[in-house]
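What follows is a set of notes on a single structure, which appears directly below.
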Amino acid sequence: MSIAEKFGHTVIVGERINPTGRTALSSALSSGELEVIEKEAVEQAAAGCDFIDVNVGCAGVDEVDLLPRAARMAVEASDLPVCVDSSDPAALRAALDGAPEGWLVNSVIADRASIEAVAPAAAKAGAYLVGMAKDSSMIPETCVERMRLARVIVETCEEYGLHRDRLLIDFLTLPAGLGSPAKVTLECIERCHEELGCGTLLGASNVSYGMPSRSALNSAFISMSIDAGLDAALVNPLDEAVMLAIFSSDVMCGRDPRAARFMKRYRRRKRDN
1 MSIAEKFGHT
11 VIVGERINPT
21 GRTALSSALS
31 SGELEVIEKE
41 AVEQAAAGCD
51 FIDVNVGCAG
61 VDEVDLLPRA
71 ARMAVEASDL
81 PVCVDSSDPA
91 ALRAALDGAP
101 EGWLVNSVIA
111 DRASIEAVAP
121 AAAKAGAYLV
131 GMAKDSSMIP
141 ETCVERMRLA
151 RVIVETCEEY
161 GLHRDRLLID
171 FLTLPAGLGS
181 PAKVTLECIE
191 RCHEELGCGT
201 LLGASNVSYG
211 MPSRSALNSA
221 FISMSIDAGL
231 DAALVNPLDE
241 AVMLAIFSSD
251 VMCGRDPRAA
261 RFMKRYRRRK
271 RDN
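Take the sequence shown: its position 218, counting from 1, is numbered 218 in full-length UniProt numbering, and each next residue is one higher.
Right under this line is the structure:
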């Protein structure tokens, strides 16, 4: 069962606790002003996400120390599970130590050393692991090559006790403005469930990097991705256009029978506004 099937809808991972490109957040994390984590977690939970992504990777921060603390702060503030997000395997392992079952772990690549450093801890914790369809040398341009690397991730993770129903493959969202067509990513999503038997996740906001009208581009790409079978989207849940795209697409793709979830959100937003 994929994570979307378990939740019954496209899983929304709130992306806002990430200092990349956010000077104020980076400064706060570096100086130990962690109240911002609680604030962001609460706001994203209220906006309707299912997981809170927690990334504390910035200059002056010891991720091995801070990521576990930040993750637990986000959980306590939001009452949601988290996606612990780091390029440092030691930080991911530290965050998973004693974690409840069902967290997301972001991420590994198609490299045995990368997988070996994280997959056993993820399996022990009962977590979902995100694998990026790339290796240490490149981001593949073709669907064939990305699928090959995804298969490496799936098969290697299973060697370390992590079943494919606990895996989410990130087929990479590249900026459309740099001439990177989204159709390769969409083709990979379509093939993944059938050929690999695991789920998919995208950092969907990357598609609009460097472009105007980012919300419109993000919304269009997310809708197309859900139609292709995307299980989980890493997005800004405070962007109402993006959230409407997700909820609307779930209706159209049969993930929201009788539009019950869509209408519940509509009534709540109308009441609150």
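Ideal Cβ placement from N, Cα and C applies to all residues, glycine included.
Leaving aside the five residues before and after residue i along the sequence, list all residues of the same chain whose C-beta is less than 6 Å from its C-beta, in chain order.
i	result
Ala259	Val251
Ser208	Arg214, Leu217, Asn218
Leu104	Phe51, Cys83, Tyr128
Gly60	Ser30
Arg164	Val154, Gly197, Cys198
Pro140	Arg146
Ile88	First, the amino acid is wrong: residue 88 is Asp here, not Ile. Excluding sequence neighbours, Asp88 sits near Glu63.
Ser223	Ala245, Ser249
Tell me the DSSP secondary structure of residue i in three-state form.
i	result
Thr200	strand
Gly32	coil
Cys253	coil
Glu141	coil
Leu104	strand
Met1	coil
Ala59	coil
Leu67	helix
Ala46	helix
Arg22	coil
Leu80	coil
Asp85	strand
Asp227	helix
Below 7 Å CB to CB, which residues in the same chain sit around residue i once its five sequence neighbours on both sides are set aside?
i	result
Val36	Leu25, Ala28
Asp111	Asp135, Ser136
Gly48	Ile12, Pro237, Met243, Arg265
Thr173	Thr185, Leu202, Gly203, Ala204, Asn206, Val207
Thr142	Val184
Val130	Leu104, Val105, Asn106, Ser107, Leu168, Asp170, Leu201
Are there 16 or more other CB atoms within 10 angstroms of the CB of residue i, so buried, or fewer, so exposed?
i	result
Lys134	buried
Pro100	exposed
Tyr266	exposed
Gly254	exposed
Ala90	exposed
Asn273	exposed
Asp256	buried
Met73	buried
Met132	buried
Where do the N-terminal and C-terminal ends of the beta strand (DSSP E) with residue i fall, by residue?
i	result
Ala125	Segment 112–125 is the alpha helix (DSSP H) holding Ala125; no beta strand (DSSP E) there.
Leu234	232–235
Leu129	128–132
Asp53	51–54
Gly98	Careful: Gly98 lies outside any beta strand (DSSP E) and carries neither H nor E.
Excluding five sequence neighbours on each side, which residues of the same chain lie with their C-beta closer than 8 Å to the C-beta of residue i?
i	result
Gly229	Ile189, Glu190, Cys192, His193, Thr200
Tyr160	Ile115, Glu116, Ala119, Pro120, Ala123
Ser78	Ala41, Val42, Gln44, Ala45, Ile52
Arg93	Ala117, Val118, Ala121
So, does the CB of residue i fall closer than 8 Å to a CB anywhere in chain C?
i	result
Pro19	Within the model displayed, chain C is absent; a lone protein chain is all it includes.
Which two residues bound the contiguous alpha helix (DSSP H) that contains residue i?
i	result
Asp272	260–272
4-residue-minimum alpha helix (DSSP H) runs that sit fully inside the stretch 147–222, ordered along the chain:
183–196
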